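Before any comments, here is the structure.
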Amino acid sequence: MVGKLLARDFTLVDEPAQADVIIVNTCSFIQPATEESIETVLEMAKFKEAGSCSRLVVTGCMVQRYGASLVDELPEVDHFLGTGDYHRIDDVLAARAGEAPKSFIDAPLYIHDEMAPRVNSWARHSAYLKISEGCNHRCTFCIIPQLRGKLRSRSIESLATEALRLVSQGVRELNIISQDSTAYGRDLYGQPKLAELLRALARIDGLDWLRLHYAYPIGLPDDLLETIAQEPKVLPYLDMPLQHASGNMLRAMKRGVTREGQERILERLRKAVPDIAIRSTFIVGFPGETEADFEELMSFVREQRFTRLGVFTYYQEEGTPAAELPDQVDEDVKLDRQKRLMALQSDISLKMHKGLVGQVLPVMLDGKSKESELLLVGRLPSQAPDVDGQVYISSAPVGVRAGQILPCRITQASAYDLVGEIVEA
Ligand code: SF4
């Protein structure tokens, strides 16, 4: 949306009070996200009331989910665009007030291509690359397929062109995202093409790191594992949400995989790429989860020793099959299980991090730390932006820049972050 608007001579401002047009891009994955989205819309509506803002636009998943009912409920909003209509933002705003339709909420079929102008809203040296949109799975706790539609992959050529452009603007790390990366290409080519895509991206000069997120645990082909193992630019890193380990829970979640199946996949991965960092996420307190199911998850995490782990408490989300299941788990039990699993992971992570002290590892510099202007921060290949912690750099030669990959001796470890010093190459 930003890319399209800048191409039509709009400019970005830092504060909503300075904006003539305010766009609120919403989430609606669970009810608290919807509530937060509505609060933000109402907060932004105050700028319209005060007269500094002339048009208020709401886009994204909340619009897709609640559609036309929002038009009545939020009369202060000028336009609503669903998840398949965000590309209309420039036309909507270029039209005179009152001339563009109030809402576009069609079935989510659109996916952008390399022709869509793009502004990298994160650091200059790192970017996300969205390879597909939508998901053909039907996990019983998840509303995403209803909001984002079926799998729609972009072509390898389109993605390579976008990646090349990003690299020419200074990007050195691409973080591959989607709702289901494992399935990439199935709709377009009749078979998964993730390995081929990674090889095409790895041929781009100037690109150093390719990191893979959101791999579904079923259908990881051998050629993908070989590509991760053999292609130096593809980091030994895989983000693979597993959600649970107990057979009862995996069945109730309709994940289509058993604990043994997950163990086989993890074994194949570690055999093919021995130093791979595996990130996963789990849900605790899913309906019917007994203490025995939870203990099975704990033992799975204890055995598997994931490099990174996120733990969510289950949310009974209206409109999902799991919300109708009996034996919903009490909130305090969910929170207790989340705490116990995180404590276990914290011990595992601290031990792993302590094992890194003294080692010299490549670190991509991200720039100054948020906590102190004087401190630099960077990330190891095993640390994805935003979610995996970082390395605080206690000493570095003068003149180093964000985006450089430098050898760093790890000097201190905690469960989440590390401290290190840049050493001479
Ligand atoms: S694979 Fe992910 S996006 Fe798709 S239904 Fe399951 S949880 Fe939702």
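In the working numbering, the protein residues as written are 736 to 1160.
Idealized CB from N, CA, C, for every residue including glycine.
In this text, all values refer to a predicted model and were calculated from it rather than measured experimentally.
In this model, residue 1093 and residue 1027 are separated by some 40 Å (Cα to Cα).
Residue 801 and residue 1054 have their C-alpha atoms roughly 11 Å apart.
In the three-state scheme derived from DSSP, where H, G and I count as helix and E and B as strand, residue 770 is classed as helix. Cβ-Cβ separation between residue 902 and residue 933: approximately 15 Å, too far for a contact (criterion under 8 Å). Counting along the chain, the unbroken beta strand (DSSP E) around residue 911 starts and ends at 908-912. Relative to the ligand SF4, residue 1003 has its C-beta separated by 7 Å or more from all heavy atoms. Assigned with DSSP and collapsed to three states, residue 982 falls in helix. In this structure, residue 766 has its beta carbon at no less than 7 Å from each heavy atom of the ligand SF4.
Bounds of the beta strand (DSSP E) holding residue 1047 are 1043-1048.
Annotation for residue 788: no alpha helix (DSSP H) segment contains it, and DSSP assigns it neither H nor E. Selection 1033, 1052, 1038 evaluated against residue 1046 yields 1033 as nearest (Cα-Cα). With respect to the C-alpha of residue 894, the residue from 883, 875, 757, 862 having the closest C-alpha is 862.
Here the C-alpha atom of residue 1010 lies approximately 34 Å from the C-alpha atom of residue 848. In chain order, the residues with a C-beta atom nearer than 5 Å to some heavy atom of the ligand SF4 are 870, 872, 874, 877, 879, 914. Counting C-beta pairs with one atom in each stretch, the stretch 763-774 and the stretch 841-859 have fewer than three that are closer than 8 Å, which means they do not touch. Taking the CA atoms as reference points, residue 819 sits about 23 Å from residue 951. Taking 8 Å as the upper bound for CB-CB distance, residue 1158 and residue 1095 are in contact here, some 6 Å apart.
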